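Asker: Take 23 as the starting number for the sequence shown in our numbering and just add one per residue.
From the three backbone atoms N, C-alpha and C, an ideal C-beta is built for every residue, glycine too.
Since the structure is predicted, the reported quantities are computational estimates derived from the model, not experimental observations.
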Amino acid sequence: MSVPSFADRRRGRRRFAAIGGLPLVAMLLSLAALLPGNDPQPTVAGAVPVAAQAGAPVSGTSAPTPTPGASPSANSLGSSGNSANSVSGGAAPSAAQNQLGGGVPSRPPRPVSYPSGTPNPMPTDGPCPFVLQAHTVVRCGAESGQRTLFKLDVSAGRDMVMIQVVSTLYGMAPRLFDPDGQQVQCNIAPDDYVGGPVRCVTNKAGTYTLQLINYGSGTLPIALSYLPVFSTDKCVTMRGTDTSLGNPTLYRGTVPQGMAGDCWVTDFAAGDVVRQLGTNLEQILFDATGQQVCVPGTPPVSGTDCKLTGTAPYRLVVQYGHDYNPADPGTPAYLMAMSRMSRPEGCLTVEPQTYGAALDLTDITRCRILRVPTDGRYSFRGTHDTGNIGGTLYRSDLSPICPSGTCDLTAGDYLYTIPPPIYQPSPFAMVFRADTETRGCTAGRDDQMDSGAPVETFPSAGQDICRTLPTASGQSVYVLNGTDKGETARYRVLDAAGTEQCHGFTVYDTYQVCRLTGTAPFRLTAEAQGPFNYRLLVQRVGETAGCTPWAAAEYGTGSGARTGLTGKPANGALESCFAVPADHPAAELIGYRVTGNRFKSVLHVVDSSGTEVCRINTGIADVCRAPAGRPYTAVLTYDSSVSDFTAVRRDATVSAPCDLPAATGQVGGPSAGIAVDSSTDAHCTTVGAAAADLLQMNSRTSGGRSAQLTVLDADGRTRCNAWETSCRVTGSTRYVTLVAARDSVDTGPLPGALDVWRLATAAGWAPECAAHPVSADGFDQRSGVLSDDAPLYCAVLDMKPGQSVDIATATDDYRNWSLLSMAGRENWADEDTAYKCVKQLGEVPTGFNQCTYNGTTTGHAVLLFSPGQAHTPLAYTLQGAKPGTGTAYSGIPQSLTPAVAVEGGYAEVTVHGTGLSLNSRLTLVPENTRVDPNLSMRPLWVSADGTELRLRVELGGASTVRYDLLVVGADHTDGVPSPGYLPKAFQVVKKSA
């Protein structure tokens, strides 16, 4: 299309360059001309005819650089930062200011600011002329300390005069005086003005005077111009197809430095809704009174659209352009257009289409008229050869409708527009179709686990597909979406009335069960967003064709029936289907593993009604409860990296055939040994109980790996889920305990043990616990050895509300965690128990625990210590203390031996003193605490009389310096020995060469 340009524009010879670093005295001068009664005497510019002056109007256009102090943002459609919404927004001049004349003030009313940088004077064409011509930039030099006057003509009785002055002196406010010498009110507040275009409303025709004052230390180069917006003949007229919505005229140009702006006269009427298109420019729209309309962020504006208020005719002024100019890369440009939306012209009309119809993807018309023949539900979207394109649908009153692209529409015409790019309109096609459309549909299948679902290709964007499904109403179907390359399609399943049954709109919608509750026949539709591959598989829930029979597995480790169902993906398939007969148990422990990307795999268990009863991730066995007496199917989904899989289901009811003997529940009795060779292995045991019994089940392994614990009661309820390694239960007469590896891959055999302890009955705590009473105010050392035959130390204690007890543990396993816990009768099975034991000091393993009771009445608790992940046999010592700090709590150390150790590994040292215990809080502090960390220590043993405490000190990464031995919380002065502080008690030295 043609792009009109301004005939009076010519290329400038040079660009202006901003300067900075002007003398300080100049920084104190800016706007003194605005003080009452202090106008300077004029220096008449141009004693010779204007045509003969060196400062005559510039014959070309300069590069459009923003006025100093005004920082317009790209794509802004409003005024500059100093412009008000109304031309009357500036401060009115005082009585002393509104006359032309007066002396030059000695100082300005406020300091001025200057741009930073190296001084670089602006180019100038000589002294300033006396007369300005409209829409013509003048470059000249304003004399220092003088008032420079310019004459300019305004031919209309009422006009909007725009003035632009650019200089290196920020804050030089222009002042305009009418033919009678009265100052004209403009839209700037002089005390805040730092630059930018100025708008002044004039109320009489004649010759006006523009006054500028230079308070700098030398001649000031300036560039300026003015534009009488209402009376100038320099404005371009927009009419007819120039403002069509489908193909508006694009205007390209530049606004050189100092130019007040380019303008257009429009044929818009009040009440019209217009769309302003522009890139990297600042533009203002005025009504006939000079009032700015369509101010961004102010109603009735919506994005780039605006309903015109005020009085016609309307004029548009572009003040800045910041766009790349391919003809002259050094000169920024702008590109602009205006469209009328309230009378849309040039839009193509689109009627409902059939499926598979080829569309014209090359049309660049910016809008479409969607013609709805009858009331109903319709879907629409814009599309091009690389995918869908966003847009908006409007009613006849231009109110937006149907943002989702699918809704009920009444018969009539609707306007659709895409986001308005300005450089080159994006070619696009319109997809428009009734949701009841069946033209172009082909027969589909709902048994594709068996018949297959090949990878297909959409012919081109907009050529959507439709498949009519044979599935009856009331049934459900699996819908699997995706190719082995990760390509997915946007799809919907519709009934005969066009009602959506389900959809998949994102790349994550690769699987779902779709319930068909509407009226048959149902249709699967998919959007063609380009010539892309897709694969959509539909399988009726309950259809077992193509599904592998899935037999139950036994508990235990080994081969045969214990290993579950193994298989490999079919060629190109991303799913496997398993069929389970109706005689399955009411509760089953189900898990699986894959070889490949396990994080992209999920096992879905779905009953015959289409309800998903379980969704399981690899490495986590879970209890699933499909309705008894009815068959069900399961679908394992994965990505193309998976080479094989194993799926296992086992009886999880209280009558399950367990591989382990029934537990007796004896406290301190031998553990049941377990071995997990595969991530799908599981073990099972049962235990009988009275309803009042308090039981705890523990699974334990060594080496940092763990086995997950699931416990169900006699009613089949899950008491503890598959993430637990410990479970407390009460209230049932029978429990089944299931143990499985918490591993998503096979990492080798995992030996471990399962413990079931009956810690209390209705008569009280178990004798093994009641025999060991301890006090919450502290207790002496308790030592022993835990083994697989005796894996628990159990004690009882009473605690007051809010009371805490510190319990230190010393074991001969220095790497792995042992397990200390506390529980009470009051809330035995609660997950959020009132008793909490927290490891202290952050050391690993810490050896220090603080147990707190947060109940409201006296608590009757049991203290439990077991191997956890530590090795067995495990030698241990426990000691309790009332919480505290300082020497009263930790004792007084007197010496440390040995006092020297070699860096790396560990060292065992002995602290000698009085009042020492396993709970003594000691630390080794380096000489330079700002650089070197403290050494972490762990208690190993303490003498019965508290005079010797053996510690294990970690030296890995320790600095080779001297360390002070300090009791945590003890007052001390660095370097001065005192109770609880031994300076330079320990030294780490380098290894010998």
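Can you give, in chain order, each stretch of the beta strand (DSSP E) that sits fully within the region 468 to 509 and has at least 3 residues?
Answerer: 487 to 491, 498 to 503
Asker: Taking the alpha-carbon of THR22 as reference, which of ASP715, GLN730, GLY710 has the nearest alpha-carbon?
Answerer: No answer is possible for residue 22: the residues shown for the chain start at 23 and end at 1015.
Asker: Between GLN534 and VAL501, is the Cβ-Cβ spacing less than 7 Å?
Answerer: yes
Asker: Cβ of SER840 within 7 Å of Cβ of ALA892?
Answerer: yes
Asker: What residues are listed by DSSP as bridge partners for PHE308?
Answerer: GLN314, ARG337
Asker: Just the C-alpha distance for SER826 and SER843, rounded to the nearest angstrom, thanks.
Answerer: 13 Å
Asker: Under 7 Å, do PRO250 and VAL188 count as touching if we go by C-beta distance?
Answerer: no
Asker: What separation, rounded to the nearest whole angstrom, lies between the Cα atoms of GLN314 and ARG221?
Answerer: Cα to Cα, GLN314 sits roughly 11 Å from ARG221.
Asker: Going by other Cβ atoms of all chains shown within 10 Å of its Cβ, with 16 needed for buried, is ALA592 buried or exposed?
Answerer: Exposed, since its Cβ has fewer than 16 Cβ neighbours within 10 Å.
Asker: Ordered along the chain, which non-local residues of its own chain (more than five positions away) have a Cβ less than 8 Å from that of ALA334?
Answerer: PHE290, ALA291, ALA292, ASP309, ALA310
Asker: SER721 and VAL761 look like a contact to me (Cβ under 8 Å); what is the Cβ gap, rounded to whole Å?
Answerer: 5 Å
Asker: What is the C-beta distance between ARG756 and VAL645, in whole angstroms, given that I count them as a contact (C-beta under 8 Å)?
Answerer: Contact between ARG756 and VAL645 does not hold, since the beta-carbon distance rounds to 16 Å and is not under 8 Å.
Asker: Is it true that the region 277 to 291 meets the region 244 to 261, where meeting means three or more beta-carbon pairs spaced less than 8 Å apart?
Answerer: yes
Asker: To the nearest angstrom, how far is it from the Cα of THR936 to the Cα of GLY753?
Answerer: 50 Å
Asker: Just the C-alpha distance for LEU381 and GLY368, rounded to the nearest angstrom, thanks.
Answerer: 19 Å
Asker: Report all residues from its chain with a CB closer than 7 Å to the CB of ASN639; omit the five preceding and five following residues, and keep chain order.
Answerer: VAL624
Asker: Residues bridged to MET821 by DSSP?
Answerer: Answer is GLY881.
Asker: In whole angstroms, what separates the C-alpha of THR405 from that of GLN497?
Answerer: 34 Å
Asker: Is it true that the CB of TYR654 sits closer than 7 Å to the CB of ASP629?
Answerer: The Cβ atoms of ASP629 and TYR654 sit closer than 7 Å to each other.
Asker: Let me know if PRO553 comes out buried or exposed under the rule of 16 or more other beta-carbons within 10 Å of its beta-carbon.
Answerer: exposed
Asker: Whole angstroms are fine: how far does the CA of TYR577 sit from the CA of CYS706?
Answerer: 7 Å
Asker: So is GLY594 buried or exposed if we call it buried at 16+ other beta carbons inside 10 Å?
Answerer: exposed
Asker: Here's a check: name, in chain order, each residue in its chain whose Cβ is nearer than 7 Å to the Cβ of ARG390, leaving out the five neighbours to either side.
Answerer: CYS369, LEU370, VAL372, TYR438, MET452
Asker: Can you tell me which of the three DSSP states ARG261 falls into?
Answerer: coil
Asker: What does the alpha-carbon distance come out to for the pair GLY586 and MET821?
Answerer: 50 Å
Asker: At 4 residues or longer, what runs of the alpha helix (DSSP H) sit wholly inside the region 634 to 719?
Answerer: none
Asker: For ALA812, does the three-state DSSP call read helix, strand or coil?
Answerer: coil
Asker: Along the chain, where does the alpha helix (DSSP H) that runs through GLU790 open and close?
Answerer: Residue range 789 to 792 is occupied by the alpha helix (DSSP H) that includes GLU790.
Asker: For GLY687, I'd like the list of residues in its chain whose CB is within less than 8 Å of its CB, leaving aside the five on either flank, ordered along the chain.
Answerer: Answer for GLY687: VAL709, ALA711, ASP715, LEU717, VAL778, TRP779, ARG780, listed in chain order.
Asker: Near GLY412, what residues of its chain come up, given a Cβ to Cβ distance below 8 Å and the 5 sequence neighbours on each side ignored?
Answerer: GLY404, ILE440, PRO441
Asker: DSSP state of THR276, grouped into three classes?
Answerer: DSSP places THR276 in coil when its eight states are reduced to three.
Asker: Starting from the N-terminal side, write out each stretch of the beta strand (DSSP E) that is 3 residues or longer and does not extend beyond the region 728 to 760.
Answerer: 729 to 735, 740 to 746, 748 to 751
Asker: What's the call for SER693, buried or exposed, on a 16-neighbour Cβ count within 10 Å?
Answerer: buried
Asker: Quick check: what's the CA-CA separation for LEU330 versus VAL317?
Answerer: 11 Å
Asker: Taking CYS208 as the reference, which of PRO201, PRO196, ASP202 has the closest Cα?
Answerer: PRO196
Asker: Are the region 464 to 480 and the region 526 to 533 touching, with three or more C-beta to C-beta distances below 8 Å?
Answerer: no
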